[in-house]
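Residue numbers (full-length UniProt numbering): 1 to 267.
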């Protein structure tokens, strides 16, 4: 669009002519129009993530306030309502107690809202594509929330002609720049879907936690590339897996997934 705004004269007629010329030359990328029937459900799921982040901030505030006043460290999981009972009594100041009580009230409310949203989205997902949801749930490391996120952020897997297009959209590959025989990586790495990037990154960590084969794979890759890059490679491998599972409608095959030799990572 820089060709339009760099001209001496700019009006609607010139803009239309320049855009038409770019369209003819294939220089004007077209955005994907997400299906209207699923758009509201996808947005509701994204709103859930917003509430989860706020809930995490409240939990951090309680823990940090406890540390600030040199109280005994809180080892219990504060996500459980029973572990939050009487926690404000740790503080002598009335103002601090009221602050913690307010955090507890909001945590209780967020918890109910998040559960209601998950229930609604799950009901919609079973009506929209229960088979795809069950296929995603067959992959170790992908639980109900990650399965819903992947399902609704993709929309229709058929819009990606090749696996490379999909993993690029999911931010699982790094951009490459080459000029005068020099090649560098980086820049424009945030082009794509941030929600899919998050989902596959979380799934990679959970997969390593759940499966011994994944732990061995992670250790092997960490020795060669380092821990951070190892997680990126496994996340990319999961992205490729999800593409083929949804494309061919096949359940997860552990022997094929862990037995296949890993090619040089495209990151």
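A virtual CB, placed ideally from N, CA and C, is assigned to each residue, including glycine. Please read these numbers as outputs of a predicted model, since none were measured by experiment.
Which listed residue (the options) has its alpha carbon closest to that of residue i
| i | options | result |
| --- | --- | --- |
| residue 59 | 124, 101, 131, 9 | 101 |
| residue 52 | 128, 228, 179, 118 | 118 |
| residue 32 | 169, 95, 203 | 169 |
| residue 247 | 54, 201, 99, 163 | 163 |
| residue 40 | 76, 94, 125, 55 | 125 |
| residue 90 | 63, 116, 105 | 63 |
| residue 38 | 167, 149, 105 | 149 |
| residue 80 | 99, 111, 73 | 111 |
Residue i, enclosing alpha helix (DSSP H) - first and last residue
| i | result |
| --- | --- |
| residue 149 | 144-154 |
| residue 90 | No alpha helix (DSSP H) contains residue 90, which DSSP labels as neither H nor E. |
| residue 51 | 36-68 |
| residue 173 | That residue, residue 173, is in no alpha helix (DSSP H); it is neither H nor E in DSSP. |
| residue 259 | 254-259 |
Expected contact under 8 Å - CB spacing of residue i and residue j to nearest Å
| i | j | result |
| --- | --- | --- |
| residue 152 | residue 42 | 4 Å |
| residue 121 | residue 45 | 5 Å |
| residue 155 | residue 206 | The Cβ separation is near 23 Å, so there is no contact. |
| residue 243 | residue 160 | 7 Å |
| residue 214 | residue 208 | 5 Å |
| residue 132 | residue 172 | With 8 Å as the limit, residue 132 and residue 172 do not qualify as a contact, their Cβ atoms being about 20 Å apart. |
| residue 55 | residue 115 | With 8 Å as the limit, residue 55 and residue 115 do not qualify as a contact, their Cβ atoms being about 11 Å apart. |
Straight-line gap, residue i to residue j (C-alpha atoms, nearest Å)
| i | j | result |
| --- | --- | --- |
| residue 258 | residue 189 | 28 Å |
| residue 264 | residue 233 | Here the model assigns residue 264 a pLDDT of 47, short of 50, so the residue's position is not dependable and the matter cannot be decided. |
| residue 135 | residue 240 | 14 Å |
| residue 21 | residue 27 | 9 Å |
| residue 109 | residue 145 | 19 Å |
| residue 194 | residue 92 | 43 Å |
| residue 29 | residue 192 | 13 Å |
| residue 78 | residue 88 | 13 Å |
| residue 262 | residue 197 | Residue placement at residue 262 cannot be trusted, given a pLDDT of 45 that sits under 50; the coordinates are not used to answer. |
| residue 254 | residue 147 | 18 Å |
| residue 97 | residue 47 | 30 Å |
| residue 14 | residue 25 | 17 Å |
| residue 221 | residue 165 | 24 Å |
| residue 183 | residue 176 | 7 Å |
| residue 266 | residue 174 | Its pLDDT being 47, under 50, residue 266 is placed unreliably by the model, and the measurement read from it follows with that caveat. Approximately 7 Å, taken between the alpha carbons. |
| residue 203 | residue 128 | 23 Å |
| residue 17 | residue 10 | 11 Å |
| residue 103 | residue 143 | 28 Å |
| residue 68 | residue 75 | 16 Å |
| residue 179 | residue 8 | 31 Å |
| residue 49 | residue 181 | 43 Å |
| residue 71 | residue 94 | 16 Å |
| residue 201 | residue 229 | 11 Å |
| residue 227 | residue 23 | 43 Å |
| residue 123 | residue 225 | 42 Å |
| residue 12 | residue 167 | 37 Å |
| residue 105 | residue 61 | 13 Å |
| residue 216 | residue 137 | 23 Å |
| residue 35 | residue 19 | 25 Å |
| residue 231 | residue 212 | 15 Å |
| residue 73 | residue 57 | 18 Å |
Environment of residue i [buried if 16+ CB atoms lie within 10 Å]
| i | result |
| --- | --- |
| residue 158 | exposed |
| residue 210 | exposed |
| residue 66 | buried |
| residue 237 | buried |
| residue 223 | exposed |
| residue 218 | buried |
| residue 85 | exposed |
| residue 256 | exposed |
| residue 139 | buried |
| residue 82 | exposed |
Min CB distance residue i to chain B below 9 Å
| i | result |
| --- | --- |
| residue 18 | Absent from the structure is chain B; it holds one protein chain and no more. |
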